[in-house]
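Here the structure comes first, spelled out in structure tokens, and everything after it is commentary.
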Amino acid sequence: MGKKGKRDKKGKGAEKTLAKMEKKVSRRAKKEEEDLEALIAEFQSLDAKKTQVIESSCPPPSPRLNCSFCAHPERDELILFGGEYFNGQKTYLYNELYIYNIRKNSWAKLDIPNPPPRRCAHQAAVVPTAGGQLWIFGGEFASPNGEQFYHYKDLWVLHLATKTWEQIKAPGGPSGRSGHRMVACKRQLVIFGGFHESARDFIYYNDVYTFNLDSFTWSKLAPAGMGPAPRSGCQMIPTPEGNIIIYGGYSKQRIKKDVDKGTLHTDMFLLKAEGTGKEEDRWSWSRLSPSGVKPSPRSGFAVAAAPNNRCLLFGGVQDEEEEESIEGDFFNDIYFYDIGKNRWFPAQLKGPRSERRKRRRGRQAEAEAAGGEELQLPPPQGPLEIVKEVVAEDGTVMTIKQVIPAAAEDRSGSEEEEEEEEEEGGAPGQPVEPCPRSSAMVAVKHGVLYVYGGMFEVGDRQVTLSDLHSIDLHRMEQWKVLLEMDPKTQEWLEESESDEEEDDDVEGAEGGEEEEEESSEEESEDEEGEQQHPAVQPGEAQAQYLARTEQYWLGLARSHMGPEAKDKKVLKVAHAMAKTFYEDPIHTS
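Note that the numbering used here numbers the sequence shown so that position 316 is 1352, with each residue one more than the last.
Shown next as structure tokens:
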């Protein structure tokens, strides 16, 4: 048998195996999903009580993960929908809709009748049709204990101009899944990959579906060529020509009973549309071999389309599995992929203009001091890698790796620039950037990247962030902090506390403001007598802020470690907590 015949036979065998696994997972998941359907229906009955659209100013959203974060196609707004929050014992799901006003740096909550059910790990895409539409597909709902999952296969559209939700019921769509990717491309939605998980089994997908935004019909594609292996959480970007680029992702496979092995994918593929305009478009897979400096292997990275025919990758985590522990290296770096040149390269921060002016003046002064002799410039600095060790109460050491790109040298400058900088005045502060994280939500509007939230781990604890940063992708000078992380929003309940009386399941999975208020009240009672965490004042220096909150961190560390812990170890943990949140040690007397 020739090579081609062997490949065809191998491909058919893999398809049969995948089909069998899908039936097996579907069979076992059916009972779980039936149990959760009743819970979802109960939440929908609560949502059905909403009869009018209410838009109200509000504080920033509470910490959450795996929500969608999109730029409004016509307004200076960002749209956040759904997500989940895990506090160590209970999982909260959301279907709240928030609008972030870019110009005002303010949040508003939008209550619209008949929204999609609560979910996370879904996908959203915006199109400019009829004043703007937000399309949502799939995602998952989890039981409060996080052991049962319901995977959605529904399709929804939010009409932004009329502020109305509509469920689109069309046959032939993808099976229920989460962790998939979806983009809008040439008047259609394109969906790739994802996974479906039950309590005992899981399956990863590499199928491709399109949804026509004109005829409202689904099509399952059968591209020619060898495509990517099944995966979730990959990078998926449309090109101006109407093609699709897939990079990276994550999958796992069961190597023996109760033992799974994860795989970080680093390959890259092009899904090319051929015969566009005909009755049936033909598609084909081909493998890409990009040049340049590629991102290190990682999962949980965020992706977005960038200016100048590029896409970007931000953050992520690389887990190193050992016998009894998992050590995660978290990232906060940016990589660009130039679609036209098929090339990766890391982002270089130039720094504020005033800093560049000082560097230029410094070089001029050195040249003058050298008496006209030729000045030997030092070689350019490479990126600085900072490794932090955060110690949890049980002694677990969590390594957080932060890579700070070298500032790009700017050897040219005009007198006009310098005059502008002198007018601006003010000494530049320490560089501010998002702390290393995975699963951040990103959106790009007018060439500015916005990074919201994400998470990192400290030992067995998960820290869910809710901060907001931005950076101009044209200038690449420095990050701006639009919203700082408030440590008061962090809640972590140890597993040992689960013996206490648990709340009703409905209350646990519902999420929303009511539950968070109750949990914060309980926490304040438990920590009665501790100094309350003061609010961050706009423009307040970080060092002063940390000095004022020293007792807060010490109190928080003491409450986690117990009264019997030694003062020296409590102080060490408090330092680690403060550094993790604010990139600077607390000041002690």
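Cβ atoms here follow ideal geometry from the backbone N, Cα and C, with glycine treated the same way.
Measure the CB-CB distance between residue i and residue j and report whether it falls below 7 angstroms.
| i | j | result |
| --- | --- | --- |
| I1148 | K1205 | no |
| L1348 | M1512 | no |
| P1210 | F1366 | no |
| H1158 | I1172 | yes |
| A1342 | L1509 | yes |
| W1254 | V1329 | no |
| S1287 | T1302 | no |
| N1368 | G1351 | yes |
| I1115 | C1106 | yes |
| R1217 | C1270 | yes |
| W1201 | P1276 | no |
| Y1188 | R1236 | no |
| L1249 | T1500 | no |
Quick check: the Cα distance between residue i and residue j, rounded to an integer number of angstroms?
| i | j | result |
| --- | --- | --- |
| S1320 | M1272 | 16 angstroms |
| A1340 | A1084 | 34 angstroms |
| S1475 | S1502 | 12 angstroms |
| A1571 | D1522 | Note that A1571 scores a pLDDT of 38, beneath 50, so its modelled location is shaky; the value from the coordinates is reported in the next line. So the alpha carbons of these two residues sit roughly 8 angstroms apart. |
| R1267 | A1258 | 17 angstroms |
| F1117 | Q1498 | 21 angstroms |
| Y1283 | H1195 | 31 angstroms |
| L1519 | G1174 | 29 angstroms |
| S1332 | E1469 | 20 angstroms |
| P1382 | Y1240 | 30 angstroms |
| G1376 | A1074 | 50 angstroms |
| E1527 | G1230 | 30 angstroms |
| E1363 | V1193 | 40 angstroms |
| T1246 | G1285 | 20 angstroms |
| L1072 | E1132 | 20 angstroms |
| S1214 | I1076 | 17 angstroms |
| K1524 | A1479 | 26 angstroms |
| N1344 | F1372 | 11 angstroms |
| R1139 | S1093 | 15 angstroms |
| K1078 | G1212 | Sequence inspection shows Glu at residue 1078; the Lys mentioned does not correspond to that position. Answer to the nearest angstrom: the Cα atoms are 20 angstroms apart. |
| P1630 | G1495 | The structure shown has nothing for residue 1630, since the chain only spans 1037 to 1625. |
| L1082 | P1099 | 23 angstroms |
| Y1486 | L1129 | 23 angstroms |
For residue i, which residues of its own chain have a beta-carbon under 8 angstroms away from its beta-carbon, when the five flanking residues on both sides are left out?
| i | result |
| --- | --- |
| T1127 | E1120, Y1121, A1178, S1179, P1180, N1181, G1182, G1544, A1545 |
| I1291 | K1297 |
| V1219 | A1161, L1225, V1226, M1272, I1273, P1274, I1280 |
| Q1080 | P1153 |
| A1197 | A1166, G1167, G1168 |
| A1260 | R1318, W1319, S1320, W1321 |
| T1087 | P1149 |
| E1536 | Interpretation of E1536 is limited by its pLDDT of 45, a score under 50 that renders its predicted location unreliable; no figure is taken from the coordinates. |
| N1137 | D1112, E1113, W1143, A1144 |
| G1208 | T1253, W1254, S1255, K1256 |
Please list, in chain order, all residues of the same chain as residue i whose beta carbon is under 7 angstroms from its beta carbon, the five residues on each side excluded.
| i | result |
| --- | --- |
| G1278 | C1221, K1222, A1309, T1312 |
| G1263 | N1242, F1305, W1321 |
| P1109 | V1162, V1163, P1164, G1168 |
| R1334 | L1300, G1352, V1353, Q1354, F1367 |
| Q1573 | Low confidence applies to Q1573: its pLDDT is 38, below 50, so where it sits in the model is not reliable enough to give any reading. |
| N1141 | L1518 |
| M978 | Any answer about residue 978 is impossible in this case: the structure gives the chain only from 1037 up to 1625. |
Cutting at 6 angstroms between CB atoms, please list the residues of its own chain near residue i, excluding the five before and the five after it.
| i | result |
| --- | --- |
| D1374 | R1346 |
| F1185 | E1176, A1178, E1233 |
| V1163 | Q1169, A1220 |
| A1504 | According to the sequence provided, residue 1504 is Leu. The question's Ala does not apply to it. Result list for L1504: Y1488, L1518, L1519, in chain order. |
| K1516 | S1506 |
| L1191 | F1173, I1204 |
| I1090 | D1147 |
| E1356 | E1363 |
| G1483 | P1343, L1509, H1510 |
| V1244 | F1228, L1257 |
Does chain D have any CB closer than 7 angstroms to the CB of residue i?
| i | result |
| --- | --- |
| E1113 | The structure shown contains no chain D, having only a single protein chain. |
Measuring from the CB of residue i, is there a heavy atom of the ligand FMN at a distance below 6 angstroms?
| i | result |
| --- | --- |
| A1341 | Inclusion of the ligand FMN in the displayed structure is not the case, the ligand content being empty and no account of it being possible. |
Q | Ranges of the beta strand (DSSP E) found wholly within the segment 1335-1392, counting only runs of at least 3 | A | 1338-1342, 1346-1357, 1362-1374, 1379-1382
Q. Taking only runs of the beta strand (DSSP E) that begin and end inside the segment 1082-1142, which ones reach a length of at least 3 residues, in chain order?
A. The segment 1082-1142 contains these whole beta strand (DSSP E) runs: 1090-1094, 1104-1107, 1113-1117, 1120-1122, 1127-1129, 1133-1137.
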